[in-house]
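Here the structure is laid out as structure tokens; the discussion comes afterwards.
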Amino acid sequence: MNKTIRHASVFALVLVLALLLRATWVQFHDSKALADDKLNRRNAIAQYANPLGDIIVGGEAITGSERTKGGDLAYKRTYKNGDLYSPITGYSSQVYGATQLEGIYKDLLDGTDNRLKNPLDALTNKRADPGDVITTIDPAVQKAGYKALGDTKGAAVALDPKTGKILGMVSTPSYDPSKISGSTDSEAWQKLTTDKEKPMVNRAMRQPLPPGSTFKLVVAAAALEDGLYGSVDARTSSPNPYTLPGTRTVLKNENQSAPCENADIRTALQYSCNNVFAKMAVDLGQDKVKAMADKMGFNTDKLDVPVRAGKSVYPSDMDKAQTALSGIGQFDVTATPLQMSMVSAAIANGGVLTKPHMVSQVSDSGGDVLEKYDDGDSQRVMDESAAEGLQSAMQTVVEKGTGTNAKISGATVGGKTGTAQHGENNSKTPYAWFTSYAKGSDGKQVAVAVMIESSSAARDEVSGNGLAAPIAKAMMAAALKS
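All residue numbers for the sequence shown refer to the numbering used here, where the first residue is 3 and numbers rise by one.
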């Protein structure tokens, strides 16, 4: 063999070995990455080759699957009352992926979760029959909130204070995820994603906004826990009018004739006295207010229910004027309805905050439980006597204060209204808030927070009592009857 042929043969052999090495590397090292690649069409074909498992509310499936007409994806996701439940389910689209519970439990719902496989399935890597997700949602509470919100833009969350179970989570305007579940829904997707009303945003837990006077409950809790005031009926040191420290800006009260000067916490909550809680925040100092807010759930990046909630914020590094404004839920304070329902829940539960969750268990196709989620972890955030005092003060708000529209016959109801400034110099329609709890004679409890982002009401008619309290009442009444 001459030299040239020998060199060519060696070179060819090297190329063959390189190809074999590369094929081996791809097969054994890169195979999982390639299989999991979102652009791998085979994944979608396998995922939608059979009906998906279901998301269950009140013992009934609110999801389904239907046979497609043509194409290589045999089934697509369907939803019952999609607009009603989309803040919980999210969507499962053949093109755009999955969100909310559909996304978190994708493997369970499409049968690829290893917990669904028997030993033979695990050995052959056969796709198992899909499982189901059983939620904590009470359909009566969910429907009551959705109906009460109606055409307004807003959100509401209902919690069981003792267990942390989310009984209702409503966000309006909403959308029907069935309209984007197929492979030819680009027009519907474009319309939804460009809609200025943002119907796909879960306002209940993903859009923090200034909570206004509902945040006064957090400041009051901090003052009682710190010992700044011994009870909700102790007189405070609160001049009226109150000038923000270091400025000439006078902080006004909505009700100019309200008895807010040096008012006790009960009276200050009843009339929503800005001067009292602004001064209280300054007297406590931002660090003590923040410590209480943090215990209530503010400033955490990892509030998973199991869907991750947006971060509610109580800021740091404020001057005294800014601290005063933070005491009435303004400046850079933001909260979600989920967060404010947690505040009321902690107060209603004697000062113990139970972590919220909206899935009770997951099961296989035969109904056998794969994982059961117990009641959420709990943490004492304030002394029981302080919580009982705030419960009583919140009852005064509903009985004869700014929250009378939340009264429920035969139940004990406490609440706090809020109206938060919106836009530069409050140039836009304010946000209306209401956070509350109710206790029935049979021991049932519920905590509800409602936020109205905008409505058809005239600007001077926007109030927590007028717009948000009736929605909270509807959800609380439904929860106590269930």
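Built from N, CA and C at the ideal position, the CB exists for glycine as well. In this text, all values refer to a predicted model and were calculated from it rather than measured experimentally.
Cβ-Cβ distance between residue i and residue j below 8 Å
i      : j      : result
Asp85  : Ser176 : yes
Leu482 : Ala440 : yes
Thr325 : Lys313 : no
Gly133 : Leu372 : yes
Val143 : Ser484 : yes
Ser318 : Gln272 : no
Met171 : Pro261 : no
Tyr231 : Ala225 : yes
Val278 : Thr238 : yes
Lys281 : Ser240 : yes
Ala347 : Val383 : no
Thr137 : Ile267 : no
Nearest candidate by alpha-carbon position, reference residue i, set the options
i      : options                        : result
Asp162 : Asn257, Ile139, Thr154         : Ile139
Gly184 : Phe300, Gly72, Thr419, Asp370  : Gly72
Pro210 : Ala479, Asp334, Ile473         : Asp334
Lys108 : Pro179, Ile349, Gln49, Tyr81   : Gln49
Asn116 : Gly166, Lys218, Asp366, Tyr231 : Asp366
Asn264 : Ser274, Thr70, Asn242, Gly55   : Asn242
Thr404 : Thr245, Lys145, Thr269         : Thr269
Pro212 : Asp235, Glu455, Ala479         : Glu455
Pro308 : Asn277, Ala146, Val361         : Val361
Lys155 : Glu104, Lys119, Asn204         : Asn204
Glu199 : Asp187, Asp153, Ser188, Val315 : Asp153
Contact set for residue i: own chain, Cβ-Cβ below 7 Å, skip 5 residues either direction
i      : result
Leu340 : Val159, Ala206, Met207, Ala311, Pro358
Ser33  : Confidence at Ser33 is low in this model, with a pLDDT of 49, below 50, so the placement of that residue should be treated as unreliable; the coordinate-derived value is given next. Hits under 7 Å: none found.
Gly248 : Asp321, Lys322, Ala323
Proximal residues to residue i (C-beta, below 6 Å), its chain only, five neighbours per side dropped
i      : result
Ala190 : Lys181, Ile182
Pro53  : Ser67, Tyr77
Gly60  : Pro141
Leu110 : Gly133, Val364
Ala408 : Val400, Val415, Gly417, Ser438, Ala471, Ala474, Lys475
Ala63  : Asp56
Gln397 : Gly416
Ala479 : Ile410
Leu327 : Phe333
Residue i (DSSP reduced to helix, strand or coil)
i      : result
Met384 : coil
Ser95  : strand
Arg79  : strand
Met453 : strand
Lys374 : strand
Met320 : coil
Lys200 : coil
Asn4   : coil
Met207 : coil
Thr251 : coil
Met478 : helix
Lys492 : A question about residue 492 goes unanswered here, because the residues of the chain that appear run from 3 up to 484.
Leu246 : coil
Cβ neighbours of residue i in the same chain (closer than 8 Å, five flanking residues each side left out)
i      : result
Lys164 : Asn351, Thr356, Asp377, Gln447
Val18  : none
Thr216 : Gly331, Ala337, Met342, Val345, Lys418, Thr419, Gly420, Trp435, Phe436, Thr437, Ala451, Gly466
Leu21  : none
May I have a chain-ordered list of the alpha helix (DSSP H) segments no shorter than 4 residues that lie completely inside the segment 249-292?
-> 267-273, 276-286
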